[in-house]
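Participant: Here it is, the structure in full.
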Ligand code: ADP
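Numbering (our numbering), first residue to last: 16 to 334.
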């Protein structure tokens, strides 16, 4: 293999830049030509493919977002779109492609592999909802951002003796809500993986009030319901005023943590090694701090498990 390409696709995540940098530099170190594709699969279809040099990835390791831009592509869902993408890569003599993204991006990468391009996925999403790997790029940064925000909300919740409902991202996954809730000492955590009875939440708040505790933090994963619905539901069981805070896109931005930069760098370099080994249709993965690869199909056909012991612990520590 002489020429490879890299793209970022789907939702952006802090640490994607560290992975792009590692792919480019490790590729050049291995005497490959490395091409950057802008705007994900949309850029692949529109031939936005440029050769990258060492300096093109200078000064990006500490930046959030993605230097290559990310996009969602409707056209790439069609066979005609996929064929255009393959033709553009083949015209440039590119045999291998590294796709940095989430579940949807992995499905796209699998299609390209079926059409004759060797593809490697790198898991990147703040939601940490990709099976087959303990962590995804961006999760640690988002978790720290959320905990920082909740700490700030706690100050005002304590001062004004209020109950706050804090809605956090995660799509169908409760990983961010669960671990941020534990780290920030929330009284209640709602995650899609577990049923939480509103009557129990109200009873806990009531017993807290009776003990003289006047503020409470509820962390709510967006996949359960909106903060507004949660407040309305809770109001059916207890007569308290709640304040709502939807953290929103703040959670996706910002400087990547050291952990995400290290993870991005390791995944990026490992993905190049996998291409050189002749692998395709696989994704990088980390378990017990070691690099592995897993079949892309096994990743997107499974739901990631959550750690029920963390849920239990958060309940035990917030009595
Ligand atoms: P993420 O990768 O973060 O999960 P998306 O689900 O939006 O984000 O997927 C990113 C892009 O991957 C989509 O816009 C689309 O172009 C491509 N994609 C998603 N699902 C498929 C699929 N089943 N087949 C081919 N391409 C897909």
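In this text, a Cβ means the ideal position worked out from N, Cα and C, and glycines have one as well. Quantities reported herein were computed from a predicted structural model and do not represent experimental measurements.
1) Strictly by DSSP, which residues pair up with residue 111?
2) Decide yes or no for the touch test of the region 303-316 against the region 142-149: beta carbon pairs closer than 8 angstroms, at least 3 of them.
3) Ligand 1 and residue 179: does any heavy atom of the ligand fall closer than 7 angstroms to the residue's C-beta?
4) So, helix, strand or coil for residue 216, using DSSP?
5) What I want to know is whether the C-beta of residue 87 ends up closer than 7 angstroms to one or more non-hydrogen atoms of ligand 1.
6) Would you check if the region 279-293 and the region 102-122 touch, i.e. whether three or more CB-CB distances between them fall below 8 angstroms?
7) In the structure shown, what three-state DSSP assignment does residue 84 receive?
8) The beta strand (DSSP E) that contains residue 256, what's its start and end?
9) Quick test of your reading: residue 83 and residue 53, contact by CB under 8 angstroms. State the CB separation rounded to the nearest angstrom.
10) Using a Cβ distance threshold of 8 angstroms, determine whether the region 52-69 contacts the region 175-193, with at least three qualifying pairs required.
11) Note the first and the last residue of the continuous alpha helix (DSSP H) segment covering residue 284.
12) Among 205, 71, 16, whose alpha-carbon lies nearest the alpha-carbon of residue 134?
13) With burial defined as no fewer than 16 other Cβ atoms inside 10 Å of the residue's Cβ, what is the status of residue 69: buried or exposed?
14) Kindly indicate which residue of 42, 86, 128, 87 has the alpha-carbon position closest to the one of residue 104.
15) With burial defined as no fewer than 16 other Cβ atoms inside 10 Å of the residue's Cβ, what is the status of residue 174: buried or exposed?
16) In whole angstroms, what is the alpha-carbon distance linking residue 258 and residue 265?
17) For residue 168 and residue 93, what's the separation of their Cα atoms in angstroms?
18) Taking only runs of the alpha helix (DSSP H) that begin and end inside the region 174-220, which ones reach a length of at least 4 residues, in chain order?
19) Could you check the C-alpha separation between residue 274 and residue 33 for me, to the nearest Å?
20) For residue 260, which three-state DSSP category applies?
21) Name the one or two DSSP bridge partners that residue 299 has.
Facilitator: Considering the structure as presented:
1) 19, 133
2) yes
3) no
4) helix
5) yes
6) yes
7) coil
8) First-last for residue 256: undefined, no H or E at that position.
9) 5 angstroms
10) no
11) 273-291
12) 16
13) exposed
14) 128
15) exposed
16) 19 angstroms
17) 45 angstroms
18) 190-199
19) 11 angstroms
20) strand
21) 308
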